[in-house]
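Student: Quick one: the structure is below, questions incoming.
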Amino acid sequence: MKTRFEVISRDDDRDLVNDPIIKEAGEIIKNGGLVAFPTETVYGLGGDALNPESSRKIYAAKGRPSDNPLIVHIADLKDLPKIVSYIPESAKILAEHFWPGPLTMIFQKSDAVPLETTGGLSTVAVRFPSDTIAQALIKASGGYIAAPSANTSGRPSPTTGRYVLEDMDGRIEMILDGGSCDIGLESTIVDLTEDIPVILRPGYITEEMLQDIFDEVKIDQTILSAASGIAPKAPGMKYRHYAPKGDLTIIAGDTDKVVSYINHELSQLDADDKKVGIIATDETIERYGDCDKKSVGKRTDEAMIARRLYEILREFDDEEIEVIFAESFDCSGMGQAIMNRLLKAAGHKVINV
Ligand code: AMP
Ligand code: MG
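Residue numbers for the sequence shown follow my numbering, beginning at 711 and rising by one.
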């Protein structure tokens, strides 16, 4: 299959809904094809959420296990009742606060949603993205796009059209390139099928923001263990997601000790002729020896760290880096999402110094 790559401009006064390319992309999805598109979080790999064959194609294109459910994207709150069997009060409140935006909610599904889309579950994940290209495409496609991140399963989620092309060339009909994603990490997922909301995946909408709204918010245990910075002694490959090709280890502890530990490792690896990369910060980057070192930004600028993280992991892949060291980050606020992704990318390999 030949994959069309179309750049869509974001000029302020453009009528994206009537853009001929977006209309064409909508027709592709309506006819059971796949189109990758930008959202404010990461690029999505979209197909018709109500067509089981489209969902099967998404799993095949990504090489994703078919029991890992897809998120259904809508572009109008009026379209929600058709795909869910019940809308709890808590969901109405969250929609008011955070939709359109980087929040995914889990509902009991209606019969309109095929089990292929939900990985066999009776629940469905729904998001209303704020990205205007995403919204226009959803409308042009009939209202419901199933879209996981547009990467090959296990690789870092793509934050630019070029990275989607790297993974999906020849596998899908079209890629809409709308530039870099604003947030750069996947949406926060909140399960609303039980009495107390449960965060299943941390993201831009933080635990603290949800606690401001609800008396009680639970958090899935695996996120806590991921965010705690404590590494299991023998991290299994089954924990490895969002992973770069190089061998990534997180070095945690006092900054001076982290810098000297990494520099020491660097000199050893240098002698072995290994290509080494470091995920550093503006505060530390100058202190590291000669290698492929990259800063995620200032420690205090969590939004920038989130935006840069996957991009840096992909750059290391392009540069064929074999060994990567990353500094560790605070786990409060958006730091929880950053550390959750970084720990997964590292297969939970952490060295405390
Ligand atoms: P991605 O879009 O690649 O981030 O993948 C979608 C994420 O949403 C995966 O982590 C899924 O496990 C999660 N997800 C989708 N549907 C559900 C659901 N019904 N229940 C729980 N998690 C879900
Ligand atoms: Mg994904």
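Where a beta carbon is used, it is the ideal one built from N, C-alpha and C, also for glycine.
All of these numbers come straight from a predicted model, not from anything done at the bench.
For I781, does the three-state DSSP call read helix, strand or coil?
Tutor: I781 falls in the strand class under three-state DSSP.
Student: So, with DSSP's three-state summary, where would you put E1012?
Tutor: Helix.
Student: Can you tell me which residues form a DSSP beta bridge with I885?
Tutor: According to DSSP, which records beta bridges pairwise, I885 is partnered with F715 and A746.
Student: Entirely within the segment 774-853 and at least 4 residues each: give me those alpha helix (DSSP H) ranges in chain order.
Tutor: You should have 790-793, 799-808 and 842-850.
Student: State buried or exposed for L1053, treating a residue as buried only when at least 16 other CB atoms are found within 10 Å of its CB.
Tutor: Flag for L1053 reads buried.
Student: Run through DSSP, which three-state label would G987 get?
Tutor: G987 falls in the strand class under three-state DSSP.
Student: To the nearest angstrom, how far is it from the Cα of C1041 to the Cα of M1049?
Tutor: So the alpha carbons of these two residues sit roughly 6 Å apart.
Student: Anything with a beta carbon under 7 Å from a heavy atom of the ligand MG counts; list them all in chain order.
Tutor: Spelled out in chain order, the answer is P858, S859, N861, S867 and E896.
Student: So what does A771 bridge to, in DSSP terms?
Tutor: Note: A771 sits in no beta bridge, so no partner.
Student: Would you say the beta carbon of P779 comes nearer than 7 Å to a heavy atom of the ligand AMP?
Tutor: At least one heavy atom of the ligand AMP is nearer than 7 Å to the Cβ of P779, so yes.
Student: Does the beta carbon of T833 fall short of 7 Å from some heavy atom of the ligand AMP?
Tutor: Correct: T833 has its Cβ closer than 7 Å to the ligand AMP.
Student: Going by DSSP, name the residue or residues bridged to L958.
Tutor: According to DSSP, which records beta bridges pairwise, L958 is partnered with I1034.
Student: Looking only at its chain, what residues have a beta carbon closer than 6 Å to the beta carbon of N1062, apart from the 5 residues adjacent to it on each side?
Tutor: For N1062, where only same-chain residues beyond five positions count, the Cβ hits under 6 Å are A962 and G963.
Student: With distances taken Cα to Cα, identify the nearest neighbour of L1023 among G1007, L958 and F1039.
Tutor: Of G1007, L958 and F1039, the residue nearest in Cα terms is L958.
Student: Taking 7 Å as the cut-off, is the beta-carbon of T828 closer than that to any non-hydrogen atom of the ligand AMP?
Tutor: Yes, the Cβ of T828 comes within 7 Å of a heavy atom of the ligand AMP.
Student: The ligand AMP heavy atoms versus the CB of R1024: any closer than 7 Å?
Tutor: Incorrect: R1024 has no Cβ contact closer than 7 Å to the ligand AMP.
Student: Around the Cβ of R720, are there at least 16 other Cβ atoms within 10 angstroms (buried) or fewer (exposed)?
Tutor: When all chains shown are included, R720 counts as exposed.
Student: DSSP state of A735, grouped into three classes?
Tutor: Note: A735 maps to helix in three-state DSSP.
Student: Decide yes or no for the touch test of the segment 849-856 against the segment 750-764: beta carbon pairs closer than 8 Å, at least 3 of them.
Tutor: Result yes; three or more Cβ-Cβ pairs closer than 8 Å.
Student: Which residues in the same chain have their Cβ closer than 6 Å to the Cβ of A844, if we skip the five residues on either side of it in sequence?
Tutor: Taken in chain order, the residues that qualify are F747 and T749.
Student: Is the beta carbon of T827 closer than 8 Å to that of S765?
Tutor: The answer is yes: Cβ separation under 8 Å.
Student: In whole angstroms, what is the alpha-carbon distance linking K733 and D905?
Tutor: About 41 Å.
Student: Would the segment 1031-1039 count as touching the segment 895-904 if we require 3 or more Cβ pairs under 8 Å?
Tutor: With a cut-off of 8 Å, the segment 895-904 and the segment 1031-1039 do not count as touching, because too few Cβ pairs lie within range.
Student: May I ask you to list the residues that DSSP assigns as paired with R1018?
Tutor: Beta-bridge pairing links R1018 to no other residue.
Student: Kindly give me the distance between the Cβ atoms of L847 and A735, rounded to whole angstroms, as I take these residues to be in contact under 8 Å.
Tutor: L847 to A735, Cβ: 6 Å. Contact.
Student: To the nearest angstrom, how far is the alpha carbon of G864 from that of I988?
Tutor: Computed Cα separation, rounded: 21 Å.
Student: Going by beta carbon distance, what residues of the same chain come within less than 8 Å of S800, once the five residues before and after it are set aside?
Tutor: These residues qualify, in order along the chain: L902, P907 and F924.
Student: For D968, report the span of its alpha helix (DSSP H) as first-last.
Tutor: First, the residue type needs correcting, since residue 968 is Val and not Asp in the sequence shown. Looking at the DSSP string, the run of the alpha helix (DSSP H) that includes V968 is T965 to A981.
Student: In this structure, how does DSSP classify K1059 when only helix, strand and coil are distinguished?
Tutor: K1059: coil per DSSP, three-state reduction.
Student: According to DSSP, is Y949 helix, strand or coil?
Tutor: Note that Y949 scores a pLDDT of 48, beneath 50, so its modelled location is shaky and nothing firm can be said.
Student: Look up S1005 in the DSSP assignment and give the residues it is bridged to.
Tutor: Paired residue(s): A990.
Student: Specify the secondary structure class of R766 as computed by DSSP and reduced to three states.
Tutor: Helix.
Student: From this set, Y998, E763, D1002 and G1045, which residue's C-alpha is nearest A1013's C-alpha?
Tutor: For A1013, the nearest C-alpha among the options comes from G1045.
Student: Under the rule that 16 or more other beta-carbon atoms within 10 Å means buried, what is L726, buried or exposed?
Tutor: Looking at its Cβ environment, which holds 16 or more other Cβ atoms inside 10 Å, L726 is buried.
Student: Can you tell me the Cβ-Cβ gap for H783 and P839, rounded? I've got them flagged as a contact below 8 Å.
Tutor: About 6 Å separates the two Cβ atoms, so the contact holds.
Student: Does the beta-carbon of I653, which I'm using as the reference point, lie nearer than 7 Å to any heavy atom of the ligand AMP?
Tutor: An answer regarding residue 653 cannot be provided, because it is not within the stretch 711 to 1063 covered by the chain.
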